[in-house]
Ligand SMILES: Cc1ncc(COP(=O)(O)O)c(C=O)c1O
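Numbering (the numbering used here), first residue to last: 15 to 484.
Here it is, written out as structure tokens:
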């Protein structure tokens with residue numbers, strides 16, 4: 015019997031021996047009923063202590079690979095050869111960070127929705143997290159209720175009332191794994207009773223994917239420079255949900271004026287539908303005061319969705335949903351069936367982070383930085399393109415839209431941009447009705463350095479200058 019053990023390996027000798035014999039049995043090298051050497055003999059052959067062999071054999075006996083017959087010896091059990099069994103696999107270690115978008119050296123990516131990751135207050139977060147762990151009564155490590163930690167829901171109630179005018183009680187808040195989970199949860203909550211949902215066109219891929227996954231039927235409502243065209247809300251449909259991003263339409267960046275907000279609420283009331291207000295990045299605003307949420311106008315018709323992906327970082331995966339009373343129990347059941355509840359230590363850390371004023375401080379600091387970046391982008395665009403470009407949606411959020419008016423961004427042009435070291439998201443790519451946004455691209459500036467912003471726009475210019483019209 016040939017068995018090799020590696021004395022330098024981190025795996026114990028017992029485990030190595032157990033694994034080697036098991037592999038030989040499963041692959042058929044050791045045949046059913048074949049007698050194994052005695053523990054003393056094998057120990058001598060391999061230069062190992064007899065105890066090591068005894069322990070490995072005991073484990074194999076316990077799992078049924080081998081059988082000890084009193085007074086006779088130890089034998090391979092019958093019927094456990096497994097066809098195509100791979101005796102061992104090598105675990106590969108790759109030089110990757112495990113990110114969805116691995117950065118490429120020298121490449122500038124204008125993708126949207128990423129805040130400045132260097133700004134995340136690591137030290138403060140770590141300090142609070144440590145204190146939370148040290149002070150936490152053990153009882154709190156048990157399973158929690160599906161809505162999430164009361165502490166966080168309480169702090170959020172006050173925070174959102176102050177900054178977004180949201181009117182709710184902590185019992186109406188459900189903590190989710192980002193806004194993404196809120197979208198699928200709503201699809202699951204409504205698809206059996208009424209799967210008709212109205213969405214803005216264009217809109218985020220994430221919302222489309224989440225709703226389609228739950229069999230909701232999407233009906234697109236066109237948008238213009240003021241957001242959703244409320245004059246085009248269909249009278250012949252009976253929607254259960256109406257998705258909107260009123261404070262910073264994604265992707266076009268427009269802000270829904272109060273007249274349209276009122277029209278939308280009237281329509282929702284008339285149809286007994288709920289408006290789903292996705293308020294993903296409106297804390298950042300550079301002209302005038304933040305616009306109050308739609309939820310503040312009618313808390314009974316609006317489901318409000320928020321996220322910490324933009325004001326802190328996406329890796330946190332903390333979002334929330336504020337529900338009218340009558341939807342709370344259904345949503346709790348769905349959250350419970352998806353993942354029981356969101357991670358508790360992070361929620362408690364975030365609650366204290368808000369309570370001690372760090373979130374306000376962080377938002378103020380971020381706002382200043384993004385205002386600077388937004389202005390830099392606009393200035394650089396004007397320097398290169400003058401009045402050939404129209405800039406849209408720059409008053410809030412962490413991306414803006416450029417309308418090149420007489421340039422068509424087709425697959426070929428995007429490829430040329432890629433070849434010149436830049437990725438730019440296309441608005442058209444987010445549209446359901448195709449053909450209206452081919453002259454528009456988005457610039458996500460949250461996580462790019464000033465140098466990369468200027469360099470990226472310079473590269474866009476160099477590619478576009480080759481096109482006859484520019
Ligand atoms: C329109 C919109 N809403 C919400 C989100 C936030 O998603 P999450 O909270 O799951 O990170 C995104 C992500 O980019 C988005 O584009």
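Backbone N, C-alpha and C define an ideal beta-carbon position, used for all residues, glycine too.
So what does residue i bridge to, in DSSP terms?
i	result
residue 189	334
residue 454	417
residue 388	Answer is none; residue 388 lacks a bridge partner.
residue 207	DSSP, once it has assigned bridges, lists no residue as partnering residue 207.
residue 241	238
residue 213	234 and 257
residue 49	89
residue 410	299
residue 316	289
Along the chain, where does the alpha helix (DSSP H) that runs through residue i open and close?
i	result
residue 147	136-149
residue 164	164-178
residue 281	272-285
residue 404	Residue 404 -> not in any alpha helix (DSSP H); beta strand (DSSP E) instead, spanning 404-406.
residue 360	358-369
residue 66	64-76
Cutting at 8 Å between CB atoms, please list the residues of its own chain near residue i, excluding the five before and the five after it.
i	result
residue 207	254
residue 221	197, 213, 257 and 292
residue 21	27
residue 424	452
residue 263	214, 237, 241, 242, 269, 270 and 407
residue 95	39, 40, 41, 42 and 46
residue 34	17, 18 and 19
Spatial neighbours of residue i within its chain, please: CB distance less than 7 Å, with the 5 preceding and 5 following residues excluded, ordered by chain position.
i	result
residue 491	Nothing can be reported for residue 491: it is not among the residues displayed for the chain, which extend from 15 to 484.
residue 171	182, 183, 184 and 187
residue 360	330 and 332
residue 115	123 and 125
residue 460	128, 129, 130, 384 and 412
residue 6	No statement about residue 6 is possible, as the shown extent of the chain runs from 15 to 484 and does not include it.
residue 379	133
residue 101	37 and 41
residue 277	244
residue 363	139, 142, 143 and 146
Starting from the C-beta of residue i, find all residues in its chain whose C-beta is less than 6 Å away, skip the five residues before and the five after it, and write them out in chain order.
i	result
residue 437	123
residue 477	430, 431 and 434
residue 9	The structure shown has nothing for residue 9, since the chain only spans 15 to 484.
residue 319	193, 196, 292 and 335
residue 454	415, 417 and 441
residue 67	53, 56 and 57
DSSP state of residue i, grouped into three classes?
i	result
residue 184	helix
residue 299	strand
residue 233	strand
residue 321	strand
residue 348	helix
residue 257	strand
residue 199	helix
residue 290	strand
residue 12	A question about residue 12 goes unanswered here, because the residues of the chain that appear run from 15 up to 484.
residue 59	helix
residue 465	helix
residue 8	Outside the modelled stretch of the chain, which goes from 15 to 484, sits residue 8, for which no answer is possible.
residue 441	coil
residue 122	strand
residue 471	helix
residue 224	helix
residue 28	helix
residue 436	strand
residue 106	coil
residue 310	coil
residue 269	coil
residue 34	helix
residue 18	coil
residue 521	Nothing in the structure corresponds to residue 521, since the chain is present only between 15 and 484.
residue 482	coil
residue 156	coil
Starting from residue i, trace the beta strand (DSSP E) in both directions and tell me its first and last residue.
i	result
residue 88	87-90
residue 445	Neither: residue 445 is in no beta strand (DSSP E) and is coded neither H nor E.
residue 83	80-83
| query | Can you list every residue whose CB sits closer than 6 Å to some heavy atom of ligand 1, going in chain order? | reply | For ligand 1, residues qualifying as neighbours are 127, 192, 193, 194, 218, 220, 259, 264, 292, 294, 321, 323, 328 and 333, where qualification means a beta carbon closer than 6 Å to at least one of its heavy atoms (chain order).
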